[in-house]
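Beneath this line is the structure, given in structure tokens, with notes to follow.
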Amino acid sequence: MNLAATRAIYLFEMARWGRTLLQSIVAPVLSTSLYFIIFGAAIGSRVPEIDGVSYGAFIVPGLMMLLLLTESTSNAAFGIYFPRFTGTIYEILSAPISPLEIVIGYVGAAATKSIILGLIILATASFFVPVRIAHPVWMLAFLVLTALTFSLFGFIIGIWADGFEKLQVIPMLVLTPLTFLGGTFYSLNMLPPFWQNVALMNPIVYLISGFRWSFYEVSEVDVRISLAMTLGFLGLCLVVVWWMFRTGYRLKP
Amino acid sequence: MTTIISVSNLAKTYASGFQALKGVSLDIREGEILALLGPNGAGKTTLINTICGLVTPSSGTVTVAGHDHLRDYRAARELIGLVPQELSTDMFETVWATVSFSRGLHGKKANPAFIETVLRQLSLWDKKDSKIMTLSGGMKRRVLIAKALAHEPRILFLDEPTAGVDVELRRGMWQVVRQMRDNGVTVILTTHYIEEAEEMADRIGVITNGEIIVVEEKAELMRKLGKKQLMLRLGAALAAIPDALGTYKLELDADGRALTYSYDTRADRTGITTLLNAVRDAGLQVTDIETRQSSLEDIFVDLVRQSQ
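First to last, the protein sequences are chains A and B.
In this text, residue positions in the first sequence follow the working numbering: the first is -10, and each later residue adds one.
In this text, residue positions in the second sequence follow the working numbering: the first is 13, and each later residue adds one.
Quick look at the structure:
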């Protein structure tokens, strides 16, 4: 293993993040805090409890998940797309480094960033609403697994994209709506039966439900199914990345 | 001299169907400066990029110090530094950070003293904390060279190192390349400046239409393929070449005051003595004699024209 190379990529990516703290930390934390203030504290105080959890606390796992998914995806996508765009990717591709080491460097850095952001959001949330974590280990497991999976997903988008627009399309037009409709702000049980079934086709539902279970032990679907869905998507992303490097898709002519 | 890179029957056809390399074979010797000379689109960059792992070959093999460049890519790539043609840089990074990054990428432990030496050699030391975006084009090119040298490679590929660089900087670049060679680094450079190949190279490979049409020691190439010309300045203008000199394939210049005779330096008999005798017998007065050797440029143009 060329661990020095993985470390170089990882630190390079973390340094890039460090240069843009305002955009990379302050902005997402501020926008998520606004959700807490508006939905948690202001409107939430007039919404009845859901499954015995106050509304403000109920939305915390969903909002963390929203941030985790969008930040992991867009961070990792940008991380690998930018060197492709500027041409500096030549150096990565001609270095004595394996695809696995490249992926660990880029995806590891993107996942680290979104885990840090998730934890900052959690800390911020506890200022506004009473947060309780029933299964901290599972909470962290879901956090890490989701961050890794969606960083990997972002990496795929970053290789697939051939313009800045495509880079934004998936996070903005697919992930954000699916997360909003995936039970960030409500329980699926509040929907009519027909829409409940429709909602179950949304993979994000399983992520939020499992994550919320680790906080409050309430969930819409079995937590094992949530875990299996996350691992399944992780596996799928790994296969796609493996295929991309094997064929040199959009990397090598 | 030992061979450090061996390319054998390397072919590359792009997805568009364009055949960029048509079975190229080439041995690169350790410690030499090899110039790959060819017109635009000849396949120079594809050849370099394939050796360096940026392009997947359609067929053929490459070994670097005995290591297959695909199966044993780690060992092969560790030995190689690549300076691409495009000025692709991390514009928001500092010179120091980007050069150190390159060293890490090749699995080498940090060595600030070595990076300092490289930056000083390339006159970049006082720019080490500058962001790359603030540097001039010539400096960016040198940053790319510093990046390529950061992991102490034994082989350096320079793809068009002086394209778009002014004359003074070009001479500076040549000096840098010579210094690399003196440090024991094998240098392969592509160029379409013939002057550059003539100035720098130990050997020259001419590549066109995806094929290497000749690889030869520079001096040998010029001796073998070069022509020499003898020009006789005449005391009085001629209207036409005298019949007595008709067998010599002479050319008369426009004002009739000079005769040019082309000859092969390798031939046993150049025919110069008999020509001079015939000139005297024809009663022509010669006021001056000049000889001229064809330049690499003439040779190159001839070779490329022949292959087409």
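All C-beta atoms in this analysis are idealised placements derived from N, C-alpha and C, irrespective of residue type, glycine included.
Just so you know, these numbers come straight off a predicted model, no measurement behind them.
Between the CA atoms of residue j and residue i - distance to the nearest angstrom
i                  : j                : result
Tyr275 (chain B)   : Lys239 (chain B) : 6 Å
Asn64 (chain A)    : Tyr70 (chain A)  : 10 Å
Ile23 (chain B)    : Ser71 (chain B)  : Sequence check: residue 23 (chain B) is Ala here, not Ile. Going by the C-alpha atoms only, they are around 5 Å apart.
Phe312 (chain B)   : Asn221 (chain B) : 14 Å
Arg73 (chain A)    : Gln157 (chain A) : 16 Å
Ile146 (chain A)   : Ala66 (chain A)  : 6 Å
Leu134 (chain B)   : Ile92 (chain B)  : 19 Å
Val76 (chain B)    : Ile40 (chain B)  : 10 Å
Leu137 (chain A)   : Thr14 (chain B)  : 48 Å
Gln320 (chain B)   : Leu11 (chain A)  : 59 Å
Gly295 (chain B)   : Val19 (chain B)  : 59 Å
Pro182 (chain A)   : Ala188 (chain A) : 10 Å
Ile193 (chain A)   : Met233 (chain A) : 25 Å
Thr68 (chain B)    : Val189 (chain B) : 28 Å
Glu207 (chain B)   : Leu49 (chain B)  : 11 Å
Glu180 (chain B)   : Glu128 (chain B) : 24 Å
Arg245 (chain B)   : Ala231 (chain B) : 29 Å
Asp151 (chain A)   : Gly68 (chain A)  : 14 Å
Asn186 (chain A)   : Thr58 (chain B)  : 54 Å
Ile(-2) (chain A)  : Thr25 (chain B)  : 32 Å
Ile148 (chain A)   : Met53 (chain A)  : 26 Å
Lys261 (chain B)   : Arg86 (chain B)  : 59 Å
Glu302 (chain B)   : Thr282 (chain B) : 15 Å
Leu233 (chain B)   : Asp138 (chain B) : 42 Å
Gly199 (chain A)   : Ser208 (chain A) : 7 Å
Asp194 (chain B)   : Leu201 (chain B) : 16 Å
Arg35 (chain A)    : Leu23 (chain A)  : 17 Å
Gly107 (chain A)   : Thr9 (chain A)   : 18 Å
Ile167 (chain B)   : Ala160 (chain B) : 10 Å
Ile225 (chain B)   : Lys56 (chain B)  : 13 Å
Asp102 (chain B)   : Cys226 (chain A) : 28 Å
Trp184 (chain A)   : Leu167 (chain A) : 14 Å
Ala270 (chain B)   : Ala290 (chain B) : 15 Å
Met(-10) (chain A) : Lys120 (chain B) : 12 Å
Ala249 (chain B)   : Met243 (chain B) : 14 Å
Ile17 (chain B)    : Ile86 (chain A)  : 20 Å
Leu66 (chain B)    : Val15 (chain A)  : 38 Å
Leu141 (chain A)   : Trp127 (chain A) : 21 Å
Val49 (chain A)    : Gly221 (chain A) : 25 Å
Rounded Cβ spacing between residue i and residue j (contact assumed at less than 8 Å)
i                : j                : result
Asp141 (chain B) : Trp108 (chain B) : 6 Å
Pro119 (chain A) : Ala30 (chain A)  : The pair is not a contact, with the Cβ atoms about 11 Å apart (cut-off 8 Å).
Leu58 (chain A)  : Leu164 (chain A) : 5 Å
Leu82 (chain B)  : Ala84 (chain A)  : The pair is not a contact, with the Cβ atoms about 15 Å apart (cut-off 8 Å).
Val329 (chain B) : Ala162 (chain B) : Outside the modelled stretch of chain B, which goes from 13 to 320, sits residue 329 (chain B), for which no answer is possible.
Thr113 (chain A) : Val18 (chain A)  : 6 Å
Ile159 (chain A) : Thr219 (chain A) : Not quite, the Cβ-Cβ distance comes to about 18 Å (not below 8 Å), so this is no contact.
Asn61 (chain B)  : Ser37 (chain B)  : So it is not a contact: roughly 17 Å between Cβ atoms.
Gly173 (chain B) : Met192 (chain B) : A small fix is needed here, since residue 173 (chain B) is Pro in this sequence, not Gly. Contact doesn't hold; Cβ gap of about 11 Å is too wide.
Tyr273 (chain B) : Leu287 (chain B) : 6 Å
Residue-chain proximity (residue i, chain E), Cβ-Cβ < 9 Å
i               : result
Pro37 (chain A) : Absence of chain E from the displayed structure is noted, the protein chains being A and B.
Stretch-stretch touch, CB-based, cutoff 8 Å, three pairs: the segment 210 to 222 of chain A with the segment 30 to 39 of chain B: Cβ pair count under 8 Å is below three, so no.
Contact set between the segment 76 to 106 of chain A and chain B, restricted to residues whose Cβ is under 9 Å from the partner: Those would be Gly76, Thr77, Ile78, Tyr79, Glu80, Ile81, Leu82, Ser83, Ala84, Pro85, Ile86, Ser87, in chain order.
Residue ranges of each alpha helix (DSSP H) within the segment 77 to 125 of chain A, 4 or longer: With a minimum length of 4 residues, the continuous alpha helix (DSSP H) runs that stay inside the segment 77 to 125 of chain A are 78 to 82, 88 to 117.
Validate contact between the segment -2 to 6 of chain A and the segment 90 to 100 of chain A using beta carbons, cut 8 Å, 3 pairs: In this structure the segment -2 to 6 of chain A lies against the segment 90 to 100 of chain A, because at least three pairs of beta carbons, one per stretch, are closer than 8 Å.
Members of the segment 149 to 165 of chain B that neighbour chain A once the beta carbon cut-off is set at 8 Å: Here the close residues are Lys159.
Whole beta strand (DSSP E) elements within the segment 206 to 282 of chain B, 3-residue minimum: Qualifying beta strand (DSSP E) stretches, in chain order: 215 to 220, 223 to 229, 240 to 246, 270 to 275.
contact_flag[the segment 122 to 132 of chain B, the segment 93 to 113 of chain B] where n(CB pairs < 8 Å) is 3 or more: Contact between the segment 122 to 132 of chain B and the segment 93 to 113 of chain B is present, because at least three Cβ pairs lie under 8 Å.
4 or more residues per run - each alpha helix (DSSP H) lying fully within the segment 134 to 185 of chain A: Fully enclosed alpha helix (DSSP H) runs of 4 or longer: 153 to 158, 165 to 168.
Short-range partners of chain B found in the segment 141 to 166 of chain A, where Cβ spacing is below 7 Å: Within the segment 141 to 166 of chain A, no residue places its CB atom closer than 7 Å to a CB of chain B.
Contained alpha helix (DSSP H) runs [length at least 4] in the segment 31 to 97 of chain B, N- to C-terminal order: Runs found: 56 to 64, 85 to 90.
Cβ contact (3+ pairs, closer than 8 Å) linking the segment 84 to 93 of chain A and the segment 35 to 54 of chain A: The segment 84 to 93 of chain A is not in contact with the segment 35 to 54 of chain A.
Inter-stretch contact at 8 Å, needing at least 3 Cβ pairs: the segment 199 to 207 of chain A / the segment 123 to 133 of chain A: A contact is defined here as three or more CB-CB pairs under 8 Å, and the segment 199 to 207 of chain A meets this definition with respect to the segment 123 to 133 of chain A.
Three or more C-beta pairs below 8 Å linking the segment 93 to 106 of chain B and the segment 153 to 167 of chain B: Taking 8 Å as the limit for Cβ pairs, the verdict is that the segment 153 to 167 of chain B does touch the segment 93 to 106 of chain B.
Inter-stretch contact at 8 Å, needing at least 3 Cβ pairs: the segment 41 to 48 of chain B / the segment 209 to 226 of chain B: A contact exists between the segment 41 to 48 of chain B and the segment 209 to 226 of chain B.
Contact residues within the segment 55 to 70 of chain B, judged by C-beta distance below 9 Å to chain A: For the segment 55 to 70 of chain B, the set of positions with a beta-carbon nearer than 9 Å to some beta-carbon of chain A reads Thr58, Asn61, Cys64, Gly65, Leu66, Val67, Thr68 in chain order.
In chain order, each alpha helix (DSSP H) run of at least 4 residues that lies wholly inside the segment 191 to 216 of chain A: Those alpha helix (DSSP H) runs which fall completely within the segment 191 to 216 of chain A and span 4+ residues are 192 to 205.
Contacting positions in the segment 171 to 204 of chain A - beta carbon closer than 7 Å to chain B: Per Cβ criterion, the list is empty.
The segment 226 to 241 of chain A: positions lying closer than 8 Å to chain B by Cβ: Flagged, chain order: Gly237, Lys241.
Within 9 Å of chain B by C-beta, residues of the segment -4 to 15 of chain A in sequence order: So the list reads Arg(-4), Ala(-3), Ile(-2), Leu0, Phe1, Ala4, Arg5, Arg8, given in the order they occur along the chain.
Ranges of the alpha helix (DSSP H) found wholly within the segment 92 to 173 of chain B, counting only runs of at least 4: As far as the segment 92 to 173 of chain B is concerned, its whole alpha helix (DSSP H) runs of at least 4 residues are 107 to 117, 124 to 133, 149 to 161.
Residues of the segment 118 to 129 of chain B with Cβ closer than 8 Å to any Cβ of chain A, in chain order: Of all residues in the segment 118 to 129 of chain B, only His118, Gly119, Lys120, Lys121 come within less than 8 Å of chain A when Cβ atoms are compared, listed by chain position.
Cβ-based contacts, 9 Å cut-off: residues of the segment 290 to 310 of chain B near chain A: Those would be none; no residue qualifies.
Chain A contacts from the segment 94 to 106 of chain B (Cβ-Cβ distance under 9 Å): Those residues of the segment 94 to 106 of chain B that come within reach of chain A (Cβ to Cβ, closer than 9 Å) are Leu94, Pro96, Glu98, Leu99, Ser100, Thr101, Asp102, Met103, Phe104, Glu105.
Residues in the segment 50 to 65 of chain A having any Cβ partner in chain B nearer than 7 Å: Those would be none; no residue qualifies.
Positions along the segment 14 to 27 of chain B whose CB lies within less than 9 Å of some CB in chain A: If the cut-off is 9 Å between Cβ atoms, the segment 14 to 27 of chain B has Lys24, Tyr26, Ala27 near chain A.
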